[in-house]
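Novice: Before we start, here is the structure in question, set down as structure tokens.
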Amino acid sequence: MADTTLPHFLERSMRIRARRERIFRFFTDSERWSSWLGVGSTIEPRPGGRVSIRYPNGVEAGGEVLEIEPPARLVFSFGFASGKPMPLGASRISLTLADEPGGTLLTLRHELADEAARDHHVQGWRYQLAVLANAVADAQHGAATARIDAWFAAGSEPDPSRRAEHLGDAVSAEVTFRDRFSAVEGRTDLDPHLDAIHRFMPGSRLLRSGPIRQCQGAALADWRATGADGTERGRGTNFFRFDADGLIEEVIGFWTG
């Protein structure tokens, strides 16, 4: 039954490229909770447990856990220590996680007594959920640099068995690759593509140039290509997308020189 004392609500959904079990840890572990809600924020993950939020601007908010169903749903009361725009525990927030191909659909519903207070939180939740998605991505893709380096190492390796070792823990079975000279569909298509590179350009190597840049399940990595004599043959940037398990599932290559 709907709570008639909270007639106003906002909802926001977003897709995160991670399993919901990983995301749910950011609702139950205080260190992870604080990574997206502010240093010093804490949560006691049980019905009746205390919820404390300390935003980076010094504003304090909180409430208590009303429902918790790992790894699918967290409901807690919410308000502000100052009493404005609502006192502690005066509104209700639901966070729901549903499995989807490629990751998880997160839905937030914030129910409030006051329409102006609801409108006040629209942009705040847009921002806060983006911070959550990035915090999850940082944890999910801690091995992104190693997997990208494995991709480049495989591109530089003429021996199929050694190449398989590089790719084994780095790419998904459905990996795709596109650039001006390539249209690869799946892991089984990638092997003959790399064989062809080493047949027609023996001794060629791909090397990452500089650190990767990543955001919410995607990354950019600069590279340079050299010939057998070490002479540079080209350079560019690859776009990488990772799947819900952190494996590379899509690569798009851009040649810049």
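Numbering-wise (the working numbering), the sequence shown opens with residue 469 and increments by one.
Beta carbons: idealized from backbone N, C-alpha and C, even for Gly.
What you are looking at is a predicted structure, and each value in this text was computed from that prediction instead of being measured.
For the pair the stretch 531-541 and the stretch 504-522, tell me if three or more CB-CB distances fall below 8 angstroms.
Specialist: With the cut-off at 8 angstroms, the stretch 531-541 and the stretch 504-522 touch.
Novice: GLU625 to ARG631, Cα distance in whole Å?
Specialist: Here the question's residue 625 lines up with position 157 in the sequence shown. Here the question's residue 631 lines up with position 163 in the sequence shown. GLU625 and ARG631: Cα-Cα distance of roughly 6 angstroms.
Novice: So, is TRP723 buried or exposed, given that buried needs 16 or more other C-beta atoms within 10 angstroms?
Specialist: Translated into positions along the sequence shown, residue 723 becomes position 255. Answer is exposed; the Cβ neighbour count stays below 16.
Novice: Within a Cβ cutoff of 7 angstroms, which residues of the same chain sit near ALA641, ignoring the five residues on either side of it in sequence?
Specialist: Your numbering for residue 641 matches position 173 in the sequence shown. Here the set comprises GLY654 and ARG655.
Novice: Name the one or two DSSP bridge partners that GLN682 has.
Specialist: In the sequence shown, the residue the question calls residue 682 occupies position 214. GLN682 is bridged to ALA687.
Novice: Kindly indicate which residue of THR564, ASP637 and VAL604 has the alpha-carbon position closest to the one of SER503.
Specialist: In the sequence shown, the residue the question calls residue 503 occupies position 35. Among THR564, ASP637 and VAL604, the Cα nearest to that of SER503 is on VAL604.
Novice: Could you pull out every unbroken alpha helix (DSSP H) segment of at least 4 residues lying fully inside the stretch 495-544, listed in chain order?
Specialist: Qualifying alpha helix (DSSP H) stretches, in chain order: 498-505.
Novice: When you compare only the Cα positions, how much space is there between ARG500 and PHE494?
Specialist: Within the sequence shown, numbered from 1, the residue matching residue 500 stands at position 32. Within the sequence shown, numbered from 1, the residue matching residue 494 stands at position 26. Cα-Cα distance, rounded: 5 angstroms.
Novice: Drop a sphere of 10 angstroms on the beta-carbon of PHE708, count the other beta-carbons inside from all chains shown, and report buried for 16 or more, exposed for fewer.
Specialist: Counted from its first residue, the sequence shown places residue 708 at position 240. With 16 or more Cβ atoms within 10 Å of its Cβ, PHE708 is classed as buried.
Novice: Could you tell me whether the Cβ atoms of ILE716 and ALA638 are closer together than 8 angstroms?
Specialist: If you number the sequence shown from 1, residue 716 lands on position 248. If you number the sequence shown from 1, residue 638 lands on position 170. The answer is yes: Cβ separation under 8 angstroms.
Novice: Would ARG488 and ASP567 be called neighbours here (beta carbons separated by less than 8 angstroms)?
Specialist: Residue 488 sits at position 20 when you count from the first residue of the sequence shown. Residue 567 sits at position 99 when you count from the first residue of the sequence shown. Yes; because the gap between Cβ atoms is below 8 angstroms, this pair is in contact.
Novice: Taking buried to mean at least 16 other C-beta atoms within 10 Å of its own C-beta, is GLY571 buried or exposed?
Specialist: One-based indexing of the sequence shown puts residue 571 at position 103. With 16 or more Cβ atoms within 10 Å of its Cβ, GLY571 is classed as buried.
Novice: Can you list, in chain order, the stretches of the beta strand (DSSP E) that have 3 or more residues and sit fully within the stretch 535-591?
Specialist: As far as the stretch 535-591 is concerned, its whole beta strand (DSSP E) runs of at least 3 residues are 541-548, 559-568 and 571-580.
Novice: Would you list, in sequence order, the uninterrupted beta strand (DSSP E) runs of no fewer than 3 residues that lie entirely inside the stretch 612-655?
Specialist: Whole beta strand (DSSP E) segments, 3+ residues: 639-647 and 650-653.
Novice: With distances taken between CB atoms, is the gap from LEU563 to LEU576 smaller than 8 angstroms?
Specialist: Here the question's residue 563 lines up with position 95 in the sequence shown. Here the question's residue 576 lines up with position 108 in the sequence shown. Going by C-beta atoms, LEU563 is nearer than 8 angstroms to LEU576.
Novice: Please determine, among LEU597, ARG676 and ASP713, the residue with the shortest C-alpha to C-alpha distance to ILE561.
Specialist: Taking the sequence shown and counting its residues from 1, one reaches residue 561 at position 93. Of the listed residues, the one whose Cα sits closest to ILE561 is LEU597.
Novice: Could you tell me which residues DSSP puts in a beta bridge with ILE491?
Specialist: The residue you call residue 491 lines up with position 23 of the sequence shown. Note: ILE491 sits in no beta bridge, so no partner.
Novice: Taking the C-alpha atoms as reference points, what is the distance between LEU600 and PHE492?
Specialist: Within the sequence shown, the letter at position 132 stands for residue 600. Within the sequence shown, the letter at position 24 stands for residue 492. Near 11 angstroms, if we compare the C-alpha coordinates of PHE492 and LEU600.
Novice: Go through its chain and collect everything with a Cβ distance to PHE546's Cβ below 6 angstroms, but skip five positions before and after it.
Specialist: Taking the sequence shown and counting its residues from 1, one reaches residue 546 at position 78. Cβ within range, chain order: GLY531, SER559 and ILE561.
Novice: Sort MET554, ILE511, ASP713 and THR644 by Cα distance to THR496 and report the nearest one.
Specialist: Counting from 1 along the sequence shown, the entry for residue 496 is found at position 28. With distances taken between Cα atoms, THR496 lies closest to ILE511.
Novice: So the candidates are HIS634, ASP627, LEU635 and HIS661; which of them puts its Cα closest to the Cα of ARG646?
Specialist: Here residue 646 is taken as the residue at index 178 of the sequence shown, counted from 1. Ranking the options by Cα distance to ARG646, first place goes to HIS661.
Novice: Note down, in chain order, each residue of its chain lying with its Cβ closer than 6 angstroms to the Cβ of ALA549, except the 5 sequence neighbours on either side.
Specialist: Locating residue 549 in the sequence shown gives position 81, where the first residue counts as 1. Hits under 6 angstroms: GLU528.
Novice: Would you call the CB atoms of ARG692 and SER677 closer than 8 angstroms?
Specialist: Working through the sequence shown from its first residue, we reach residue 692 at position 224. Working through the sequence shown from its first residue, we reach residue 677 at position 209. Closer than 8 angstroms, so yes.
Novice: Would ARG485 pass as a contact of ASP711 if the rule is Cβ separation under 8 angstroms?
Specialist: Here the question's residue 485 lines up with position 17 in the sequence shown. Here the question's residue 711 lines up with position 243 in the sequence shown. It is a contact, given that the beta carbons lie within the stated cut-off.
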